[in-house]
Structure formats: C-alpha cells, structure tokens
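Here is the structure we will look at, set down as structure tokens.
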Amino acid sequence: MGGRSATKLAGGIAAASLALMVSGLVLAYLEQHRVPASSDGWNFSNVLTDVVNMAVPVLGFVLASRRPANRVGWAFLAAGLGLALSAFCGPYAQQALIAAPGSLPAGRTVAWLSNWCFVLETAALPFLLLLFPTGRLRSRRWRPAAWFMAAAFTLIAVTQIIRATRVWDDPFSPFPHGQLPGVLPVTLVLVPVTLLIGITGLLVRFARSSGEERLQLKWFAAAAGLVVAAFIVSALVDSVPTSVLNNLAFLCLWVAIGTAVL
C-alpha cells in the first residue's frame, strides 16, 4: 500500500474511531440520570478512561501513516476501533432501550454488537507484543504462535457472538449469562496464554537484540514496568487517584511505543 493510500485509510479509521468515542461520551452524559446506577457510565473514572483511550487511534494514525509497512500502527488502529465500538455501543443501546425506548434505531442490534466487539481490542494487545517494534515476527519459527493466537481469538469471537445472540431479548444481562457451557473456562485460559506468548516473544526479541532495536525495546520495557506497577496498585485500591495513575501509565506506554517505532 502506498504512503498516500495508507494515510487516507489510517485517517478514515482514526476519524471514525474518534467520532464514535465522542458520541459515546455525549450519550453517556445525556442518559446519566435515566439508567440504573450500575449501568451509568458518566463517572470520573469511566470518562477519564474514554478520553485517554482517544490516544490509541491517534497514535495508530501517526504510526500507520508514517510507517505503513510496520504493522504496529495498524494494530493500534484495530485496538482503537474496538475501544471506540465498546465506548459507543453500550451508551447507544442504553439510550435506545432504557433511557428513551425507541428514540434511536436498531437499539437491539447495537446492544448485540456491544456484547462481543470487545474481542477486537483484547486481541490487539498480544499481537502488538509479538510484533513490536518492527511490525514483523522475529522469524518464521513464530508463525505457529501467531496462527494459534489468531485461531484462539477467532474462537473467542464466535463464542461471544453466540452469547450475544442468545441474550438478544435481554442484552444487559450480566456476564457470563447466556454463555455456552464450558466456554468461560476455555476463554479464561486462552486469553492469558496468548498474552504469555506475546510477552515471551518480546523477551526473546529483547535478549537477542542489539543497537537500535534494543533501545526501542528499552523504551517499551520502562513504560511497561510503570503499567504493571499501576495495575497492581489499582487492583489493591479502587479509587479515583489509582484510576488516574492507571490511565497515565497506559498513556506513557503508548507514547513510549510511538517514540520507539518512529
């Protein structure tokens, strides 16, 4: 793909993602007093997360337009689109089905989509770990790992689509209601395994790297350490300051990745 075509495609995906994210925030604000408290997305932590997540498609656009051959940028765009769909579909479905029934079209279809679109952003992370920083697998020996990850997330996506279809009449039922028997344990195994594969690939790449690539990986490692520390703190203490710390840590990670790739 040529540079100009890549820029247009990346710009279109990023713009669509940002539009969905902003629309989701607007809907969450409008319906804050008309949905159950457990479903209300208009609080500091959720809004901050949605705002910080806007950096994902922006970074994806910068990387994909300047380094179109590097798949890291496209992985960010895929993750950004998944985050955008999650941020938009939930509030849209609540507005159409709970806050003001019938006020928006295709409410149940959007609710159905909101029940499985999160797979896209979840899948992007292990692939990003496996491809960083060059956007390519380290060698052909890693192809089976990449195919396994693709198969795993395809399976997860299919099972979540089935669940979303089974809870069509009650799309806001708590997870994992409607899940097929045995699917949840398999999912809880597959996702960590794919992350472990991605982390292993990154560690092997770091151990055998030198020069510029090693410096790129050091950028990533420093920011990843901050993310891990913030995650541990937020797991122990659920508060607004820890939410701010967690989001800033992820923002630092994305900046570090962008700096390393460019």
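Take this note's numbering: the final residue in the sequence shown is number 285, and no numbers are missing along the way.
Just so you know, even glycine gets a beta-carbon here, dropped at the ideal spot from N, CA and C.
(request) Just the C-alpha distance for L276 and V250, rounded to the nearest angstrom, thanks. (result) Residue numbering aside, residue 276 sits at position 253 when the sequence shown is read from its first letter. Residue numbering aside, residue 250 sits at position 227 when the sequence shown is read from its first letter. Rounded to the nearest angstrom, the two C-alpha atoms are 7 Å apart.
(request) Given a cut-off of 8 Å, decide if G158 and N93 are closer than it, judged by their beta-carbon atoms. (result) On the sequence shown, position 70 is the one that residue 93 refers to. On the sequence shown, position 135 is the one that residue 158 refers to. It is a contact, given that the beta carbons lie within the stated cut-off.
(message) Tell me the residue span of the alpha helix (DSSP H) that contains E144.
(response) The residue labelled residue 144 in the question sits at position 121 within the sequence shown. Segment 141-154, the alpha helix (DSSP H) holding E144.
(message) Here's the rule: buried if 16 or more other CB atoms are within 10 angstroms of the residue's CB, otherwise exposed. What is G26?
(response) Counting from 1 along the sequence shown, the entry for residue 26 is found at position 3. The residue is exposed, with fewer than 16 neighbouring Cβ atoms inside 10 Å.
(message) Rounded to whole angstroms, what is the Cα-Cα separation between F198 and L207?
(response) Within the sequence shown, residue 198 is the residue found at index 175, counting from 1. Within the sequence shown, residue 207 is the residue found at index 184, counting from 1. Cα to Cα, F198 sits roughly 10 Å from L207.
(request) Using 10 angstroms around the beta-carbon of Q135, count the other beta-carbons present and answer buried if the total reaches 16, otherwise exposed. (result) Stepping through the sequence shown from its first residue, residue 135 is reached at position 112. It should be noted that the sequence gives Trp, not Gln, for residue 135. Classification for W135: buried.
(request) With a 10 Å radius around its C-beta and 16 neighbouring C-beta atoms as the bar for buried, classify F176 as buried or exposed. (result) Within the sequence shown, residue 176 is the residue found at index 153, counting from 1. Buried: at least 16 other Cβ atoms inside 10 Å.
(message) Taking a contact to mean a Cβ-Cβ separation below 8 Å, would you say A107 touches L43 in this structure?
(response) Taking the sequence shown and counting its residues from 1, one reaches residue 107 at position 84. Taking the sequence shown and counting its residues from 1, one reaches residue 43 at position 20. Result yes, Cβ atoms of A107 and L43 sit closer than 8 Å.
(message) By the three-class DSSP mapping on this structure, what secondary structure does Q55 have?
(response) The residue given as residue 55 occupies position 32 in the sequence shown. In this structure, Q55 counts as coil in the three-state DSSP scheme.
(request) Count the other CB atoms, across all protein chains shown, that sit within 10 Å of the CB of F67; report buried if there are 16 or more and exposed otherwise. (result) One-based indexing of the sequence shown puts residue 67 at position 44. Label assigned to F67: exposed.
(message) Could you give the first and the last residue of the continuous alpha helix (DSSP H) run that contains P91?
(response) For the purposes of this step, residue 91 is taken as the residue at position 68 of the sequence shown. Note, P91: premise wrong, no alpha helix (DSSP H); not H, not E.
(message) I need the straight-line Cα distance from V267 to L71, nearest angstrom please.
(response) On the sequence shown, residue 267 is found 244 positions in, with the first residue counted as 1. On the sequence shown, residue 71 is found 48 positions in, with the first residue counted as 1. Their backbone Cα atoms lie some 8 Å apart in a straight line.
(message) Going by beta-carbon coordinates alone, are A168 and L153 separated by less than 8 Å?
(response) Residue 168 sits at position 145 when you count from the first residue of the sequence shown. Residue 153 sits at position 130 when you count from the first residue of the sequence shown. It is a contact, given that the beta carbons lie within the stated cut-off.
(request) State the Cα-Cα distance for the pair I222 and F155, rounded to the nearest angstrom. (result) Here residue 222 refers to the residue found at position 199 when the sequence shown is read from its first residue. Here residue 155 refers to the residue found at position 132 when the sequence shown is read from its first residue. If I take the Cα positions, the gap works out to 10 Å.
(request) Express the C-alpha separation of S233 and V209 in angstroms, rounding to a whole number. (result) Against the sequence shown, residue 209 aligns to sequence position 186. Against the sequence shown, residue 233 aligns to sequence position 210. Cα-Cα distance, rounded: 38 Å.
(request) Within its chain, find whatever has a CB closer than 7 Å to the CB of P128; leave out the 5 residues flanking it on each side and keep chain order. (result) In the sequence shown, residue 128 corresponds to position 105, counting from 1. So no residue of the chain qualifies.
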